[in-house]
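Structure first, commentary second.
There are 2 protein chains.
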Amino acid sequence: MTRIVLATRNAGKIVELERILDGIAVAGLAAFPDAPEVPETEPTFEGNALLKARAIAAHTGLPAVADDSGLCVDALNGMPGVLSARWSGRFGDATGDKDATGDKDAANLRLVLDQLADVRDGLRGAAFVCAAALVVPANGDRSAVEHTVEGRMRGAIVREPRGTGGFGYDPVFLPDGETRTTAEMAPEEKDAISHRGKAFRALAGLLPDALAAAGRL
Amino acid sequence: MTRIVLATRNAGKIVELERILDGIAVAGLAAFPDAPEVPETEPTFEGNALLKARAIAAHTGLPAVADDSGLCVDALNGMPGVLSARWSGRFGDATGDKDATGDKDAANLRLVLDQLADVRDGLRGAAFVCAAALVVPANGDRSAVEHTVEGRMRGAIVREPRGTGGFGYDPVFLPDGETRTTAEMAPEEKDAISHRGKAFRALAGLLPDALAAAGRL
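Chains D and E supply the protein sequences, listed in that same order.
Taking this note's numbering, the leading residue of the first sequence gets 459, the next gets one more, and so forth.
Taking this note's numbering, the leading residue of the second sequence gets 459, the next gets one more, and so forth.
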């Protein structure tokens, strides 16, 4: 059975990717306690995802998937973007760990709401964006293979947080055509329309060819 | 003698504009205690400057000049931009009063430094941008005249505040080709290269024709 590594310590993400990559075993970073911490220092989601996938593929010798995602607000010219996890700046870590404490999430979310306080309805559009990278290390005489894909979910920023699901900016994000924020949806509902779900499914479509090209199938 | 109104309560700005508009008397809002407070609700500097100049021209019946300016940071996709005066969101006023307390300035500046903490030298470029608007009300059978101009000063964001002059983000802004931040310069030195100085001088060049076209000369 083919085995790949997903560069995350979030069990929910692992289960989600395993469900999408039917028949492929997905290991998380918990299985590789010596895996390097990779700071998200690139100016793009793609750059950060690739940085992480390359580091984990190099460390494990296995095909690696990594993602980087964030909220891009129209009225903030696409920011917080790659700075989504450290937007309020008060926590100052460079690892961009989106699974950390709710205090950080709450401070980031509150800052975005404050920054948009005077922005009219109709100008509050935003997108959740996820870049996912796949790095398959070289095997024998085959070359390494790298792919990046992007998934988007368009919506708008509401004026007050709603819902307790999800994490990060979910309580203030209303997807287009929905009446509930992503924090008010069941996880499977959110996966079906989410930026990360779209990116992972796009990557799943590329995986068989990538594994074959690198001599891993 | 021609008289115009500058939509500000900042005496320093009035003196600066009067020096540039040689031979034209400039009044500030202090001379018009009933002048309306105009919230800066537009998504562009030009929009906000025009909003203010139109309101003051309508209120006073005199030619009016207004400006809106801010810091546009490359790594923040041009933000804080029109939100420069309320970037840290903790003071929540919509008037964008750049002359308010240093606490607000310090909080905004600290947030930008924190957001750029992981941004490498060479990617820390920024510009101070000023839009200035001139609105000359109609006179007799002449039409009203409106002009907007933009002035820019390019530079970079340093890692720690330096200097005590200026206001807002001056202590962290290093103009291209300079070794001092704009907070380390004398006011006249800063005027000579600043975004606001450039915008006011551009507007000064348009003023005689605008006054003549509106039947005010």
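A virtual CB, placed ideally from N, CA and C, is assigned to each residue, including glycine.
Please read these numbers as outputs of a predicted model, since none were measured by experiment.
Assign residue i to one of two classes, buried (16 or more other C-beta atoms within 10 Å of its C-beta) or exposed (fewer than that).
{"i": "Asp-525(E)", "result": "buried"}
{"i": "Pro-666(E)", "result": "exposed"}
{"i": "Arg-467(D)", "result": "exposed"}
{"i": "Glu-474(E)", "result": "buried"}
{"i": "Ser-601(E)", "result": "exposed"}
{"i": "Thr-637(D)", "result": "exposed"}
{"i": "Asp-628(E)", "result": "buried"}
{"i": "Pro-538(D)", "result": "buried"}
{"i": "Ala-564(E)", "result": "exposed"}
{"i": "Arg-512(E)", "result": "buried"}
{"i": "Asp-551(D)", "result": "Confidence in Asp-551(D) is poor, its pLDDT being 45 and thus under 50, which makes the residue's placement too unreliable to answer from."}
{"i": "Gly-635(D)", "result": "exposed"}
{"i": "Ala-493(D)", "result": "buried"}
{"i": "Gly-663(D)", "result": "exposed"}
{"i": "Pro-595(D)", "result": "buried"}
Closest to residue i by C-alpha separation, out of the options, would be which residue?
{"i": "His-517(E)", "options": "Ala-533(E), Phe-631(E), Ile-462(E)", "result": "Ile-462(E)"}
{"i": "Cys-588(D)", "options": "Thr-499(D), Ala-660(D), Pro-629(D), Glu-476(D)", "result": "Ala-660(D)"}
{"i": "Leu-569(D)", "options": "Pro-494(D), Gly-623(D), Leu-541(D)", "result": "Leu-541(D)"}
{"i": "Pro-497(E)", "options": "Ile-514(E), Asn-597(E), Lys-510(E)", "result": "Lys-510(E)"}
{"i": "Gly-621(E)", "options": "Ala-614(E), Gly-655(E), Arg-612(E), Leu-632(E)", "result": "Leu-632(E)"}
{"i": "Val-523(E)", "options": "Ala-672(E), Thr-637(E), Glu-604(E), Gly-609(E)", "result": "Glu-604(E)"}
{"i": "Leu-675(E)", "options": "Lys-471(E), Arg-477(E), Gly-481(E)", "result": "Gly-481(E)"}
{"i": "Ile-478(E)", "options": "Phe-658(E), Ala-670(E), Leu-664(E)", "result": "Phe-658(E)"}
{"i": "Asp-561(D)", "options": "Gly-635(D), Ala-543(D), Gln-573(D)", "result": "Ala-543(D)"}
{"i": "His-653(E)", "options": "Gly-663(E), Ala-493(E), Thr-640(E)", "result": "Thr-640(E)"}
{"i": "Leu-581(D)", "options": "Leu-464(D), Trp-545(D), Gly-613(D)", "result": "Gly-613(D)"}
{"i": "Pro-619(E)", "options": "Glu-642(E), Gly-609(E), Met-611(E)", "result": "Glu-642(E)"}
{"i": "Gly-583(D)", "options": "Met-611(D), Pro-595(D), Asn-597(D), Glu-647(D)", "result": "Met-611(D)"}
{"i": "Pro-491(D)", "options": "Lys-471(D), Phe-625(D), Ile-514(D)", "result": "Ile-514(D)"}
{"i": "Gly-626(D)", "options": "Lys-656(D), Ile-472(D), Trp-545(D)", "result": "Trp-545(D)"}
{"i": "His-532(E)", "options": "Asp-579(E), Glu-495(E), Gly-623(E), Asn-566(E)", "result": "The sequence given here places Asp at residue 532(E); His does not occur at that position. Of the candidates Asp-579(E), Glu-495(E), Gly-623(E), Asn-566(E), the one whose C-alpha sits nearest the C-alpha of Asp-532(E) is Asp-579(E)."}
{"i": "Asp-599(D)", "options": "Ile-651(D), Glu-646(D), Ala-670(D), Ser-527(D)", "result": "Ala-670(D)"}
{"i": "Ala-488(D)", "options": "Thr-502(D), Pro-501(D), Lys-471(D)", "result": "Lys-471(D)"}
If we cut at 7 Å on Cβ distances, does residue i have a partner in chain D?
{"i": "Asn-535(E)", "result": "yes"}
{"i": "Thr-502(E)", "result": "no"}
{"i": "Gly-505(E)", "result": "no"}
{"i": "Leu-475(E)", "result": "no"}
{"i": "Glu-646(E)", "result": "no"}
{"i": "Gly-470(E)", "result": "no"}
Tell whether a beta-carbon distance below 7 Å holds between residue i and residue j.
{"i": "Val-616(D)", "j": "Val-607(D)", "result": "no"}
{"i": "Phe-586(E)", "j": "Leu-534(E)", "result": "no"}
{"i": "Ala-591(E)", "j": "Ala-469(E)", "result": "no"}
{"i": "Asp-576(E)", "j": "Thr-460(D)", "result": "no"}
{"i": "Gly-486(E)", "j": "Leu-464(E)", "result": "yes"}
{"i": "Gln-573(E)", "j": "Gly-547(D)", "result": "yes"}
{"i": "Asn-597(E)", "j": "Ala-668(E)", "result": "no"}
{"i": "Lys-648(D)", "j": "Gly-609(D)", "result": "no"}
{"i": "Glu-476(E)", "j": "Val-484(E)", "result": "yes"}
Nearest chain E C-beta to residue i closer than 7 Å, yes or no?
{"i": "Leu-509(D)", "result": "no"}
{"i": "Leu-569(D)", "result": "yes"}
{"i": "Leu-529(D)", "result": "no"}
{"i": "Gly-547(D)", "result": "yes"}
{"i": "Leu-400(D)", "result": "Residue coverage of chain D in this structure runs from 459 to 675, which leaves residue 400(D) outside it and unanswerable."}
{"i": "Asp-572(D)", "result": "yes"}
{"i": "Asp-576(D)", "result": "yes"}
{"i": "Thr-499(D)", "result": "yes"}
{"i": "Leu-541(D)", "result": "yes"}
{"i": "Asp-555(D)", "result": "Residue confidence for Asp-555(D) is low, a pLDDT of 47 falling below 50, so the modelled location carries little weight; the figure read from the coordinates is stated next. Chain E, which has no Cβ nearer than 7 Å to the Cβ of Asp-555(D), makes this no."}
{"i": "Val-616(D)", "result": "no"}
{"i": "Pro-494(D)", "result": "no"}
Closer than 7 Å, CB to CB, is residue i near chain C or not?
{"i": "Leu-665(D)", "result": "No chain C appears in this structure, whose protein chains are D and E."}
Jot down the residue ranges of each uninterrupted beta strand (DSSP E) in the segment 588 to 624 of chain E, minimum 3 residues, whole runs only, in chain order.
For secondary structure counted as the beta strand (DSSP E) over 3 or more consecutive residues, the segment 588 to 624 of chain E holds these complete runs in sequence order: 603 to 615.
Quick one: complete beta strand (DSSP E) runs, 3+ long, within the segment 505 to 582 of chain E?
Counting whole runs of 3 or more residues, the segment 505 to 582 of chain E contains the beta strand (DSSP E) stretches 522 to 531.
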